[in-house]
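A short worksheet on the structure shown next.
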Amino acid sequence: MTYIGELISIGVAFSWTATALLSEFGSKRLGNLTLNVLRMALALVFSLVLFGVVTGSILPPGASAEAAGWMLLSGLVGYVIGDFCLFQCYIIIGSRYGQLFMTLAPLTAALMAWVTLGQQMTEMSILAMLVTLFGIGISVLGRGEHHRVSLKLPLNGVLFAIGAAICQGVGLVLSKIGMDHYEAVAEMPAWLVPFSANFYRCVAGIAGFLILHYFRDGMAPLCEAMHDKKGFSVAIATTIFGPFVGVGFSLMAVQYTAAGIASTLMAMTPIIILLPSYWLFHERITWKAVLGALISVIGVSLFFLS
Numbered sequence: 007m008t009y010i011g012e013l014i015s016i017g018v019a020f021s022w023t024a025t026a027l028l029s030e031f032g033s034k035r036l037g038n039l040t041l042n043v044l045r046m047a048l049a050l051v052f053s054l055v056l057f058g059v060v061t062g063s064i065l066p067p068g069a070s071a072e073a074a075g076w077m078l079l080s081g082l083v084g085y086v087i088g089d090f091c092l093f094q095c096y097i098i099i100g101s102r103y104g105q106l107f108m109t110l111a112p113l114t115a116a117l118m119a120w121v122t123l124g125q126q127m128t129e130m131s132i133l134a135m136l137v138t139l140f141g142i143g144i145s146v147l148g149r150g151e152h153h154r155v156s157l158k159l160p161l162n163g164v165l166f167a168i169g170a171a172i173c174q175g176v177g178l179v180l181s182k183i184g185m186d187h188y189e190a191v192a193e194m195p196a197w198l199v200p201f202s203a204n205f206y207r208c209v210a211g212i213a214g215f216l217i218l219h220y221f222r223d224g225m226a227p228l229c230e231a232m233h234d235k236k237g238f239s240v241a242i243a244t245t246i247f248g249p250f251v252g253v254g255f256s257l258m259a260v261q262y263t264a265a266g267i268a269s270t271l272m273a274m275t276p277i278i279i280l281l282p283s284y285w286l287f288h289e290r291i292t293w294k295a296v297l298g299a300l301i302s303v304i305g306v307s308l309f310f311l312s
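Quick look at the structure:
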């Protein structure tokens, strides 16, 4: 099917929009690290159920040491370091500027894929990427008419934001490398490879987040969260749209299209979230946000002309 990777990437952007909305509530109720530990643990449980139903074994088909190593490294870079930097930048410079700097992730993914995998993008695809990211940037900065663009941002917040973007892009390509090694040795349906890869990523993720949680907050908040029915329900929903379905299909997308293209289309979340934020949280939609959305849609359409 033509453009299957691009279509999957757009679907992932919608899935991550749901994740963003749910995570906002879950983080405030449970705490960021607690929510991330629960998300990783639940993603592992969902993965085991999936493997049990499809293959008859609760564990994913065996991966070579090389494949497992790449995927564990991807989880460490993408989940643990990347999300930690992302949450820190949100605290220091706010989510609006954090989302703006995250537009560097597709550029990082494209560069990393070119260096490590030899993936090259056509001139039209590069133009589409730049137009789409330009539109996202305008839309993000256009949220809230009372906020002016300022270059006087704390350096540590900017560094955390750039680190988050780099880790997201690099983590996606590391997953692609791991899946290539994995697919070469494991006998399983092609669609199951991304979910098997994500299992290893979640193993690295839960180990890293547990260590961070222990040294920063101890285990008490995690134990309390297990008895919070409403918070735990949100954690389950966040996991389904995020680390399980969202990330699984994001890894599937890079099997069918270039990492830079997939990463750009998945970065459309700030555009898609405009209407849900208006309906749910009564956030104003400014003319700049609408202009940015229109430019982004034009950019996305160019991918399908390349």
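All you need for the numbering used here is the position in the sequence shown, starting with 1, plus 6.
Positions of the beta carbon are idealized from the N, C-alpha and C atoms, including for glycine.
Please return the same chain residues whose Cβ sits closer than 7 Å to the Cβ of residue i, not counting the five positions on each side in sequence.
| i | result |
| --- | --- |
| L198 | V60 |
| G211 | M46, G81, Y85 and V86 |
| L257 | S181, M185, P200, A203 and N204 |
| V176 | V83, T114 and M118 |
| W76 | L180, I183, G184 and H187 |
| R222 | L39 |
| A308 | Looking at the sequence itself, residue 308 is Leu, so the reference to Ala does not match. So the list reads M130, L133, A134 and V137, once near-sequence residues are dropped. |
| L54 | I64 |
| F20 | I278 |
Which term fits residue i, buried or exposed, when burial requires 16 or more other beta carbons within 10 angstroms of its beta carbon?
| i | result |
| --- | --- |
| G62 | exposed |
| T138 | buried |
| N162 | exposed |
| Q126 | exposed |
| M118 | buried |
| W285 | exposed |
| C229 | exposed |
| A134 | buried |
| S239 | exposed |
| I277 | buried |
| V6 | The chain is shown only over 7 to 312; residue 6 falls outside these bounds and no answer can be derived. |
| H219 | buried |
| V43 | buried |
| F255 | buried |
| G68 | exposed |
| P249 | buried |
| G11 | buried |
| F287 | exposed |
| G124 | exposed |
| A196 | exposed |
By Cβ distance, which residues of its chain are closer than 6 Å to residue i, with the 5 residues on each side in sequence left out?
| i | result |
| --- | --- |
| S29 | T244 |
| V191 | S70 |
| E72 | H187 |
| M108 | A171 |
| E289 | S283 |
| Q105 | V146 and P276 |
| A264 | Q125 and M127 |
| Y2 | For the chain, the structure presents residues 7 to 312; residue 2 sits outside this window and is missing. |
| I291 | L280 and Y284 |
| R35 | G237 |
Anyone know if the C-beta pair for residue i and residue j falls short of 8 Å?
| i | j | result |
| --- | --- | --- |
| A115 | S15 | no |
| W22 | T275 | yes |
| T122 | V83 | no |
| A203 | G184 | yes |
| G141 | G305 | yes |
| V18 | G252 | yes |
| F310 | Y96 | no |
| T40 | P227 | yes |
| A26 | I301 | no |
| A241 | A111 | no |
| F4 | I98 | This structure does not reach residue 4, given that the chain is present from 7 up to 312, and the question cannot be answered. |
| L2 | F57 | This structure does not reach residue 2, given that the chain is present from 7 up to 312, and the question cannot be answered. |
| G32 | C91 | no |
| G88 | Q174 | yes |
| L78 | V209 | yes |
| G237 | A231 | yes |
| Y206 | A24 | no |
Below 8 Å CB to CB, which residues in the same chain sit around residue i once its five sequence neighbours on both sides are set aside?
| i | result |
| --- | --- |
| L159 | I99 and Y103 |
| E5 | Past the edges of the chain, shown from 7 to 312, lies residue 5, and the structure says nothing about it. |
Q. Where are the alpha helix (DSSP H) runs, 4 residues long or more, that stay fully inside the region 120-195, in chain order?
A. Runs found: 129-147 and 161-191.
Q. Enumerated in chain order, which unbroken segments of the alpha helix (DSSP H) with a length of 4 residues or greater are wholly contained in the region 15-98?
A. Along the length of the region 15-98, whole alpha helix (DSSP H) runs at least 4 residues long occupy 38-61 and 71-81, reported in chain order.
Q: May I have a chain-ordered list of the alpha helix (DSSP H) segments no shorter than 4 residues that lie completely inside the region 215-266?
A: Listed in chain order, they are 226-232, 235-245 and 251-262.
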